[in-house]
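In this note's numbering, the protein residues as written are 165 to 397.
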């Protein structure tokens, strides 16, 4: 499957469209690999081998039903075209590691990095109560945690900057440890030795929400890029 299937856009999500309207099952992506967030941005989702793992601040990692409706999903079937054992890979040099093998600037990639991470900085949103909140309020309440010596996998994508309002530009990774107990959105990482795998994706299919709330959503394009950079990076 050389296609990424994405439900909604990061622009719509961060403009406030948090309602869960589409399930992973409805996207018909068998053995899905990818990421997303749960309704209300109550949790970060890591999707691996067709299973959905939700990470929320102060809670244990949960496995969710593929029928649960989400506001944002980005998934594919992952069949690596290239796999390399790499030394000293981090959020600061992952681009250089990949660029040794493929020119990534104008293409989409599904990317996996597996190993024992010497340092890992994860972020998880706090589940909302009854309050109504925007993306800034979600960001302000998130939990940031640093872990050392954790074995697991980064699951994610490389998106060219041209598509930066559709998906998170550059690398966007979520993490899941081997025991399925530690997960979240990845802010930083370092691994002395890892297995780097990636697959070029020639097509991205964006499935838009169909609700009246989405159709009436006001998105301020003048500020959106700054919001994406602040919250997703």
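By construction, the Cβ of each residue, glycine as well, lies at the ideal position given by its N, Cα and C atoms.
Here DSSP, grouped into helix, strand and coil, assigns residue 179 to coil. When only Cα atoms are considered, residue 384 and residue 179 end up about 8 Å apart. Between the segment 301-319 and the segment 272-290, the count of Cβ pairs shorter than 8 Å is three or higher; the stretches touch. Rounded to the nearest whole angstrom, the CA to CA distance from residue 231 to residue 186 is 8 Å.
The criterion of a C-beta distance shorter than 7 Å is not satisfied by residue 250 and residue 265. Sequence-distant partners of residue 213 (beyond 5 residues in either direction) whose C-beta falls short of 7 Å from its own C-beta, in its chain, are 195. Taking every protein chain shown into account, the CB of residue 206 has 16 or more other CB atoms within 10 angstroms, so this residue is buried. Uninterrupted alpha helix (DSSP H) stretches at least 4 residues long and entirely within the segment 323-370 do not occur. For residue 377, no beta strand (DSSP E) encloses it; the enclosing alpha helix (DSSP H) starts and ends at 376-379. The segment 350-363 and the segment 273-281 touch, with no fewer than 3 CB-CB distances between them shorter than 8 Å. Of 283, 347 and 346, the smallest CA-CA separation from residue 358 is found for 283. If you compare the alpha carbons of 183, 192 and 217 with that of residue 343, the shortest gap goes to 217. The beta carbons of residue 326 and residue 175 sit about 14 Å from each other, so the pair does not count as a contact at 8 Å.
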